[in-house]
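Engineer: I'd like to ask you about the structure that follows.
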Ligand code: F6P
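Here it is as structure tokens:
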């Protein structure tokens, strides 16, 4: 059996841990051969195939990013995409694919699987928004980075008695904002699932000043004001139709300082949240996903995705996750109301 591995979409810490564990178990226990497809679906379209032996995966467990490269290429937006992928797989005698990606990459995988390509999916993303799995790897690392940033911002905010607004990633879901905001003791947390009232945010900021504390506002990049539209940095779309977000932090800072008359500053954490070494939990989860993905390949259980359910790794049909985003439930958000304002 020859297996090709690809990593698609935005990178995240833990991708290399999946590649390593899949390759190690596949070669050592099942006698599989492996190759890598460079840069997600782009490599599959262009026939960019690289060797993937045990020696290639040595030492990569703690390394962020992906040794295979990544892109947001959507094979269905390229002429003859499916045929070109079939040609690449045939030319290299590849029997099955392990596709490591978020909702877009796995969405394309779902369609390719329907069209007869043997593949198993592995969910990744710092956003933690892939449905069907309790957690994706990358998320824990990102939350750790954002929490540390918030801790640091508290002391400088207090020294200057000003509001610090922290913009974190999270296009459609506020998991990073909520977890890091709660862990970091923010007093306003804004998530895409709950459009916010800017007047209320300013009240909460003022309340904080009244008790002599400097407010920390954590906003997911996809958070939107009730009355307005999403704040967009530019209007360019990627191949999956997503706009390039960013700007809510700056907008909030301006509104808060104008409406409260108090100084405010913005910190946009951006790709810092995605870079660097994975946390221990993400290495653990990614390693388990890789091991279970290769088991699914051995079983010929194609069209499935490995997922975390409680403490167990299960397999679910890719079809069941299609087009669904795992968002923050309002009741979970409401648990923390006592800390807001
Ligand atoms: O999908 C993960 C993610 O990090 C989102 O939170 C964010 O909106 C997006 O990727 C940023 O993507 P890019 O790397 O293309 O700027």
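Residue numbers (the numbering used here): 378 to 718. Where a beta carbon is used, it is the ideal one built from N, C-alpha and C, also for glycine. All values derive from a computational prediction rather than experimental measurement.
1. Would you mind working out which of 532, 382, 519, 695 sits nearest residue 657, comparing C-alpha positions?
2. Let me check you understand the geometry: is the CB of residue 548 closer than 7 angstroms to at least one non-hydrogen atom of ligand 1?
3. Return yes when the C-beta of residue 404 is under 7 angstroms from any heavy atom of ligand 1, and no when it is not.
4. Give the straight-line distance between the Cα atoms of residue 639 and residue 571, rounded to the nearest whole angstrom.
5. Alpha carbons only, please: which of 502, 459, 508 is nearest the one belonging to residue 485?
6. Ignore the nearest five residues each way along the sequence and tell me which others in residue 422's own chain have a CB closer than 8 angstroms to its CB.
7. Mind checking who residue 691 pairs with in its DSSP beta bridge?
8. Please classify residue 431 as buried or exposed, where buried requires at least 16 other C-beta atoms within 10 Å of its C-beta.
9. Pair every Cβ in the stretch 547 to 559 with every Cβ in the stretch 702 to 715, then say whether three or more of these pairs are closer than 8 angstroms.
10. Measure from the alpha carbon of residue 498 to the alpha carbon of each residue in 705, 603, 694, 584, then state which is nearest.
11. Given this structure, state the Cα-to-Cα distance separating residue 536 from residue 634, to the nearest angstrom.
12. Specify, as a first and last residue, the run of the alpha helix (DSSP H) that residue 540 falls within.
13. Would you mind reading off the limits of the beta strand (DSSP E) that contains residue 514?
14. Can you tell me whether residue 603 is buried or exposed? The criterion is at least 16 other CB atoms within 10 Å of its CB, across all chains shown.
15. Are the Cβ atoms of residue 529 and residue 642 separated by less than 8 angstroms?
16. Between the C-alpha atoms of residue 626 and residue 542, what's the straight-line distance to the nearest angstrom?
17. Under DSSP, the alpha helix (DSSP H) around residue 414 begins and ends at which residues?
18. CB of residue 518 to nearest heavy atom of ligand 2: below 7 angstroms?
19. Counting C-beta neighbours from all protein chains within 10 Å, is the total for residue 533 16 or more, i.e. buried, or is it exposed?
20. My guess is that residue 646 and residue 526 are in contact by the Cβ rule of under 8 angstroms, so how many angstroms apart are they, rounded?
21. Just the Cα atoms here: how many angstroms apart are residue 649 and residue 472?
22. Whose CA, out of 378, 546, 404, 577, lies closest to the CA of residue 624?
23. Hey, is residue 498 close to ligand 1, as in C-beta under 7 angstroms from one of its heavy atoms?
24. Is residue 651 near ligand 1, with its Cβ less than 7 angstroms from a heavy atom?
25. Is there a C-beta anywhere in chain D that falls below 8 angstroms from the one on residue 581?
26. Keeping to the same chain, check which residues put their C-beta closer than 8 angstroms to that of residue 447; ignore five residues upstream and five downstream.
27. Give every residue of the same chain whose Cβ lies closer than 8 angstroms to the Cβ of residue 737, excluding the five residues on either side of it in the sequence, and list them in chain order.
28. Below 7 angstroms, is the gap between the Cβ of residue 625 and the nearest heavy atom of ligand 1?
29. Can you tell me the Cα-Cα spacing of residue 554 and residue 468, whole angstroms?
30. Apart from the five residues on each side of it in sequence, which residues of its chain come closer than 7 angstroms, Cβ to Cβ, to residue 653?
Structural biologist: Put simply:
1. A check of alpha carbon separations from residue 657 across 532, 382, 519, 695 identifies 519 as the nearest.
2. For ligand 1, at least one heavy atom lies less than 7 angstroms from the Cβ of residue 548.
3. no
4. 26 angstroms
5. 459
6. 450, 452, 455, 458, 461, 462, 465
7. 684
8. The residue in question, residue 431, is exposed, as its Cβ has fewer than 16 Cβ neighbours within 10 Å.
9. Yes, the stretch 547 to 559 touches the stretch 702 to 715.
10. Of all alpha-carbon atoms in 705, 603, 694, 584, the one lying nearest the alpha-carbon of residue 498 is that of 694.
11. About 17 angstroms.
12. First-last for residue 540: 540 to 545, but that is the beta strand (DSSP E), not the alpha helix (DSSP H).
13. Looking at the DSSP string, residue 514 is not in any beta strand (DSSP E), and its letter there is neither H nor E.
14. exposed
15. 8 angstroms or more divides the Cβ of residue 529 from the Cβ of residue 642.
16. 6 angstroms
17. First-last for residue 414: 410 to 414, but that is the beta strand (DSSP E), not the alpha helix (DSSP H).
18. With respect to ligand 2, the structure offers nothing, as its ligand set consists of ligand 1.
19. exposed
20. 6 angstroms
21. In a straight line, the C-alpha of residue 649 is about 37 angstroms away from that of residue 472.
22. 546
23. no
24. Checking the Cβ of residue 651 against ligand 1 gives yes.
25. You won't find chain D in this structure, because it holds only one protein chain.
26. Closer than 8 angstroms at the Cβ level, and outside the excluded window around residue 447, lie 384, 385, 386, 387, 388, 392, 416, 417.
27. Beyond the ends of the chain as shown, which are 378 and 718, falls residue 737; an answer cannot be given.
28. no
29. 45 angstroms
30. 390, 441
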